[in-house]
Structures are given as C-alpha cells and as structure tokens.
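Here's the structure, in structure tokens; my notes come after.
Numbering (the numbering used here), first residue to last: 413 to 557.
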C-alpha cells in the first residue's frame with residue numbers, strides 16, 4: 413500500500429495521540445507503517461470491569477482507534493477519517509499488563525476504507541488474542557468534521 417501523504421507517519425501519530433478520549437484511556441502508539449498501525453494501552457484498575465477483566469469498552473475503543481488510524485496512514489495530507497461502521501468479536505477474557513492492537517487497512521478506497529484489528533492481552537511476556545474487529549472508515553475532505 414502506498415500512502416498519499418509523505419508525512420503519513422507523523423500525521424497519523426499526531427492524530428492518534430491527539431484524541432482526548434484515546435489519551436484518557438492511555439492509548440499509545442507503538443509503530444506506524446503504510447496501511448497499518450500498532451497501538452497499545454498499559455492496563456490499570458480503571459480499565460477493568462466488576463470481575464477484574466478488561467472492560468469491553470476499553471477493548472472496543474482500542475480497536476476502533478486502531479482501525480481508523482490504519483486507514484489514516486493512506487489518506488492525503490488534508491483528509492480526515494471517521495468510523496462509520498464497526499463490529500467486534502470478543503474471543504476470551506482479557507487480563508494482563510497491557511493490550512496491544514494491530515490494525516490493517518484491507519481495502520483502501522477513495523472515500524471508504526475497510527480495516528481490521530486484532531487485540532492481544534499481554535502478561536509476563538506472553539500474549540493471547542482476545543478480540544478481532546472489522547470496520548468501515550469514511551475518508552473525509554478537509555473542513556468536513
């Protein structure tokens with residue numbers, strides 16, 4: 413995949429860490445490449461639900477952010493992205509020290525990109541796949557948000 417913006421790494425990094433809600437839950441960027449991103453959240457007690465497993469909303473937020481940012485790596489310098497459809501399958505309970513998410517643009521288009529994400533829970537150097545997500549991302553022209 414070929415990015416349309418030569419500064420896609422810096423721009424995608426800024427878009428990811430610039431989201432107030434993503435910052436609130438602690439989303440950090442690990443790596444960015446053409447058509448993919450990897451982000452993570454270091455887990456804390458506020459990420460858990462009543463049974464001491466990671467809350468599904470935290471996992472979904474990480475997945476949604478990752479899907480959209482994978483698409484973001486491929487847009488022109490003045491375009492923006494927004495999720496217009498999103499599906500997630502929770503595969504097992506998430507526990508551990510950190511959640512890692514890798515997002516990949518599957519079918520980039522001029523106005524719509526389909527992306528997927530895999531979310532892993534990491535604990536003591538081991539990881540397990542805890543969720544998979546699929547989303548549709550709209551590519552918006554400048555000044556349209």
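Note that beta-carbon positions come from the ideal geometry of N, C-alpha and C, so glycine has one too. Everything numeric in this text was worked out from a predicted model, so none of it was measured.
**Study point:** DSSP-derived helix/strand/coil call for residue 503
**Key:** Residue state, collapsed to three classes: coil.
**Study point:** Rounded distance between the beta-carbons of residue 515 and residue 482, thought under 8 Å
**Key:** About 4 Å; that satisfies the 8 Å criterion.
Point to revise | residue 423 versus residue 507 - alpha carbon distance | key: If I take the Cα positions, the gap works out to 32 Å.
Exercise for review: Identify which residue in 540, 549, 554 and 534 has its Cα closest to the Cα of residue 454.
Suggested key: Nearest to residue 454 by alpha-carbon distance, out of 540, 549, 554 and 534, is 534.
**Study point:** Contact set for residue 465: own chain, Cβ-Cβ below 7 Å, skip 5 residues either direction
**Key:** Cβ contact annotation for residue 465 (same chain, cutoff 7 Å, sequence separation greater than five): 505, 506 and 507, in chain order.
Practice item. Inspect the CB distances between the stretch 513-530 and the stretch 470-489 and report whether three or more fall short of 8 Å. Key: The stretch 513-530 and the stretch 470-489 touch, with no fewer than 3 CB-CB distances between them shorter than 8 Å.
**Study point:** Which of helix, strand or coil DSSP assigns to residue 436
**Key:** If DSSP states are grouped into helix, strand and coil, residue 436 belongs with the helices.
Point to revise | Secondary structure, beta strand (DSSP E): runs of 3+ residues fully inside the stretch 460-515 | key: Taking only runs of at least 3 residues, the beta strand (DSSP E) segments lying wholly in the stretch 460-515 are 492-502.
Review point. Candidates 539, 520, 546 and 512: which alpha carbon is nearest residue 450's?
Key: Per the C-alpha coordinates, the member of 539, 520, 546 and 512 positioned closest to residue 450 is 512.
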